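Structure, as structure tokens:
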Amino acid sequence: MDKLTENQVLLAIQDSDGTILSISVNLGREWHTTRDYINNNEVLVKALADRIIKVQEVNKEMILQCIMGSCGIVSRVAEKLRVSWITAKMHIHKWDETLEAFTAERENMVDKAENTIDQLIDSADPKIRLDAAKYVVSRQGKSRGWTEKHEVEDVTARPLNIKIDWGNEEETGTE
Numbered sequence: 023m024d025k026l027t028e029n030q031v032l033l034a035i036q037d038s039d040g041t042i043l044s045i046s047v048n049l050g051r052e053w054h055t056t057r058d059y060i061n062n063n064e065v066l067v068k069a070l071a072d073r074i075i076k077v078q079e080v081n082k083e084m085i086l087q088c089i090m091g092s093c094g095i096v097s098r099v100a101e102k103l104r105v106s107w108i109t110a111k112m113h114i115h116k117w118d119e120t121l122e123a124f125t126a127e128r129e130n131m132v133d134k135a136e137n138t139i140d141q142l143i144d145s146a147d148p149k150i151r152l153d154a155a156k157y158v159v160s161r162q163g164k165s166r167g168w169t170e171k172h173e174v175e176d177v178t179a180r181p182l183n184i185k186i187d188w189g190n191e192e193e194t195g196t197e
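Under our numbering, read the sequence shown as residues 23 to 197, first letter to last.
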């Protein structure tokens, strides 16, 4: 990774413990927020103290509270914390307990979706019931032979000519 110059760094985001979480850099025509340059440029980033934004003190309990009701969606956690998506993701992965809670939220969302499909299969409307049943067997019934049939039609429909060269140019075959 190349070293950055002072002019390329717009700002750095720093955790309350001093860890640089991400930096915004100019890599030509556009600005990027990245972690890629941090290890090779930490001295540079620390030298740009006037461009460092310190993130609020975030503890495990805050993260756990923000994860509750998020459906395992990082942007919802970020919105509750009032931080960027990448910062929220780093906080989620910071502790085993927060990562487990986040994973449980996502699994809960999948459970809700499965319950909705189950309710649709029991619907009074035969069209909804059929569509839900088709969805389930197309995803989970493959071991029982349920697959979507994909047909390909050749719209050109022209004869296939095959030429076999036996060393004598006069012999050709058509099929």
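Glycine included, every Cβ here is placed at the ideal spot set by N, Cα and C. Bear in mind that the values here come from a model prediction, so they are computed numbers and not experimental data.
Continuous alpha helix (DSSP H) stretch holding Asn204: start and end: As displayed, the chain neither begins before 23 nor continues past 197, which places residue 204 out of reach and without an answer.
Buried versus exposed call for Pro181 [16 or more other C-beta atoms within 10 Å across all chains shown]: exposed
Exposure label - Ile114; buried when at least 16 CB within 10 Å: buried
Cutoff 6 Å; reference Lys111; Cβ partners in own chain excluding five residues on either side: Val96
Residues of its chain near Ala154, where Cβ-Cβ distance is below 8 Å and the 5 sequence neighbours each way are ignored: Ile139, Leu142, Ile143 and Ser145
Through-space distance from Glu119 to Leu86, alpha-carbon basis: 8 Å
Same chain, Cβ closer than 8 Å to Ile89, five either side skipped, listed in chain order: Val99, Ile114, Thr120, Ala123, Phe124 and Glu127
For Asp147, three-class secondary structure by DSSP: coil
Thr109 classed as buried or exposed, judged by whether at least 16 other C-beta atoms fall within 10 angstroms: buried
DSSP-derived helix/strand/coil call for Val158: helix
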